Amino acid sequence: MYKVLFMPQAQRDAKSLKAGGLKNKALKLVKIIAENPWQYPPEYEYLKGDLKGLISRRINKQHRLVYEIIEDEKLVKVYRMWTHYE
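When you line the sequence shown up against full-length UniProt numbering, it's residues 1 to 86, in that order.
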């Protein structure tokens with residue numbers, strides 16, 4: 001089991017998820033990555049550019065859960081839970 005740490009932006013994004021009716025879908029993904037952040041499915045992808053080194057999973061067609069795995073600490077840092085294209 002991994003500890004999940006929500007970074008400040010992810011905490012702000014949680015409010016948008018709730019308002020957008022996506023809270024349950026996001027929580028399901030958080031539960032999956034807490035158990036095993038490498039689990040497949042659901043699909044994940046490594047990000048490029050400014051977000052290189054982070055991993056993304058779809059909450060829906062537009063919004064993503066963006067996180068980093070720190071394996072030696074058994075820690076997952078969640079950076080975004082809304083769109084990462086802004």
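Glycine included, each C-beta is placed from N, C-alpha and C at the ideal position. Being a predicted model, the structure only gives us computed values, none of them experimental.
Here the C-alpha atom of Glu68 lies approximately 10 Å from the C-alpha atom of Leu5. In this structure, the beta-carbon distance from Val78 to Ala26 does not fall below 7 Å.
Glu45 has its alpha-carbon roughly 20 Å from the corresponding atom of Leu22. The C-alpha of Glu71 is placed about 18 Å away from the C-alpha of Leu65. Under the three-state reduction of DSSP output, Leu29 falls in the helix class.
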